[in-house]
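Each step along the sequence shown adds one to the number in our numbering, with nothing skipped, and position 70 is 737.
Beta carbons are placed, not taken as given, at the ideal position from N, Cα and C, and that holds for glycine.
Note that the structure is a prediction, hence the values are computed from the model and not measured.
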Amino acid sequence: MDGKEDEPLLPQDKEETSSSGCCEPWWRHVRPYSLYVLLVLLLAYLFNQLDRYMLAITITPLAQEVQFGDKACFVNKSVPDYGEPLACNGTDMMQCESVLNPNGTEYCRWDYNGQGWDYQILAGPVFILIYTFSGIFIGFAADQYNRKLLLAFCLAFWSAMTLLTGFVKEYWQLAILRFALGLGEAGCTPFAASLIADYFTEATRGTALGIYNFGIYFGYGLAYAVGNFITVANINGQGWRWAFILPGIPGIALGVLIAFTVREPSRTSKSGEAQRVGGVDDRETTRGSACSRLLTLLKSFTSPSLLLLCLAGSIRNAGGYVWAYNTQPYFDAINVPKETTGSYMSWIPLVSGSLGVLWGGFISDRIVKRRGLYARVIVLVASQFLAAPFAAGALFLDVPWAFFSLIPANIIGEMWVGVTLAVGVELVPSEIRTSAVALYLFIISNIGGNVPLLVPPIQEAFEGDGYSKADALRGALYILYPGLFALSGFLFLLTMFVVKRDQRRAQYRSLVNSSDD
């Protein structure tokens, strides 16, 4: 997964979290109502990920009914099973339909498989571009307007788009709803993170954000359970449609619940208080300071280490995106029953992905902290090189071992998330760290989120060499899943050679800026 464009949020600096409440247990800083708010925000993030990835889980039956994308050879389940299984690996309709049962009926059928340009465009640009660019403006809105009402509206809006997807009949309708889904989902994390920052103290804010980020893995794993088992249940003979309708209804209800039960807290930003009481001179100073920070931010991102870090992070994020949006199509292509895929993928991303992020944070904060930034980059290099063979195992091995191979691939491979952020913030002056994280996530989401567009041409190249549809997809995923893991490891390795010099420069700029103040 991951991929994914929604990376776990950067926790507060350790110096901040330890300054308040160092002598008291953490639970004394948390009110029961704050925990309730955190719970509903976690549920909102769960629906955010569930609705986003439902397209990837249901794409094969959806494409067959709406009729778009590439075609492939499938087992013809409309005729009885005569015992001995045959291979449906024809590369065209004639080869596919020439495979017959003993009684002369067609054993295979030629139908849409949900792959190709039509699908990758829906998974990538249609969603990612509006999601990332609208997030910029939504971030400004989070600092100015009622956040809980805006979050409630965004949640109800994207849930309605999810529900309406269950009624589409044409490809263009699906594209419009996918675009609108990205617009609505862009408002989830900016508003939720801002609310969490005001509901929790510095001593508990990092833990609260960590709990909120579990919504990524809960939602992604639940998408496999809902998407597969609801489709197989075939409610009212409508199959995949109810996989969109059912999650959309409680999402709308949760939006209403947030609007009426979550209180808008007072903003705790000190800079915000200063602007409210300040006069014209204060606003001019703030404006000048903002311009100065912008110039510092742009200058920082021209350093070799940050450029390489962004490139490596984008490549690694791309590998996660490619796999997240092609996992179900791949297992469908090799004729793995939906019940089997749902049984394994409903818990493997949740458990292994969560452990990977936690383990990466532990490595970053405990083991290598005293050894310096250089050691953090070594962790990035090692994790991606070690995870790549296990990622390849998911494509090479038969089921169920293919699923089991994803466990170490996720635990080791997902370590990069927190460690990369920890490296990035140490390469920029302290006064622009938040902006630097936002720009970094914007870069890796736009680059990584559009790399799945490379799947169709690579797959077509394999097909041109005589490979079946399933084997061609496997070949494309070898290159764009474990291949990108290994490539990101190599780029992290290059980062290691320049990171010390740029860290010293960032520390020097911080000292100069603080002395000017």
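Between residue 985 and the set 1137, 814 and 1120, the nearest pair of CA atoms involves 1120. By alpha-carbon distance to residue 981, the top candidate from 1106, 871, 1102 and 966 is 1106. Residue 799 is positioned such that its CB atom lies no closer than 7 Å to that of residue 976. In the structure shown, residue 1064 falls within a coil segment according to DSSP collapsed to helix, strand and coil. Residue 1164 is positioned such that its CB atom lies no closer than 7 Å to that of residue 1051.
Contact check for residue 802 against residue 853 passes: the beta carbons are separated by less than 7 Å. Distance from the Cα of residue 1157 is smallest, within the candidate group 1093, 1094, 1138 and 1045, for 1045. Minimum Cα-Cα distance from residue 879 among the listed residues 790, 894, 1083 and 862 corresponds to 862. Only residues of its own chain outside the window of five on either side were considered, and among them 910 have a CB closer than 6 Å to the CB of residue 893, listed in chain order. Beta-bridge annotation (DSSP): residue 739 is paired with 778.
Minimum Cα-Cα distance from residue 719 among the listed residues 759, 746, 705 and 882 corresponds to 882. In the three-state reduction of the DSSP assignment, residue 773 falls in the strand class, which pools E and B. If you draw a straight line from the Cα of residue 877 to the Cα of residue 759, it is about 49 Å long. Shortest Cα-Cα distance from residue 990 to any of 1115, 1025 and 698 involves 1115. With fewer than 16 other CB atoms across the displayed protein chains lying within 10 angstroms of its CB, residue 746 is exposed.
In the three-state DSSP reduction, residue 753 falls in the coil class, being neither helix nor strand. A residue is called buried when at least 16 other Cβ atoms come within 10 angstroms of its Cβ; residue 791 meets this threshold and is buried. Distance from residue 1079 to residue 1063 at the Cβ level is roughly 17 Å; contact not present, criterion being Cβ atoms closer than 8 Å.
Between residue 722 and the set 830, 1054 and 706, the nearest pair of CA atoms involves 830. Under the criterion of beta carbons closer than 8 Å, residue 1140 and residue 996 qualify as touching, at roughly 7 Å. Secondary structure of residue 841 (DSSP, three-state): helix.
The Cβ atoms of residue 895 and residue 1009 sit closer than 7 Å to each other.
For residue 861, the enclosing alpha helix (DSSP H) covers residues 855-866. Ranking 1004, 1018 and 1094 by CA distance to the CA of residue 974 puts 1094 first. Annotated as distal: residue 885 and residue 708, with beta-carbon spacing of 7 Å or more. Taking the C-beta atoms as reference points, residue 717 is found no nearer than 7 Å to residue 924. Scanning the stretch 1111-1164 for uninterrupted beta strand (DSSP E) segments of 3 residues or longer gives nothing; none is fully contained.
In the three-state DSSP reduction, residue 965 falls in the helix class (H, G or I). Beta-carbon to beta-carbon, residue 838 and residue 742 are separated by about 25 Å, too far to satisfy the 8 Å threshold. Residue state for residue 767 is assigned as strand, using DSSP reduced to three classes.
Note on residue 1113: 16 or more other CB atoms within 10 angstroms of its CB, so buried under the neighbour-count rule. Rounded to whole angstroms, the gap between the alpha carbons of residue 814 and residue 912 is 27 Å. Burial check for residue 706: the Cβ neighbour count within 10 Å stays below 16, so the residue is exposed. Our two residues, residue 710 and residue 848, have alpha carbons roughly 17 Å apart in a direct line.
Annotated as proximal: residue 1166 and residue 1040, with beta-carbon spacing under 7 Å. In its chain, beyond the 5 residues on either side, 735 and 736 have a beta carbon closer than 6 Å to the beta carbon of residue 785.
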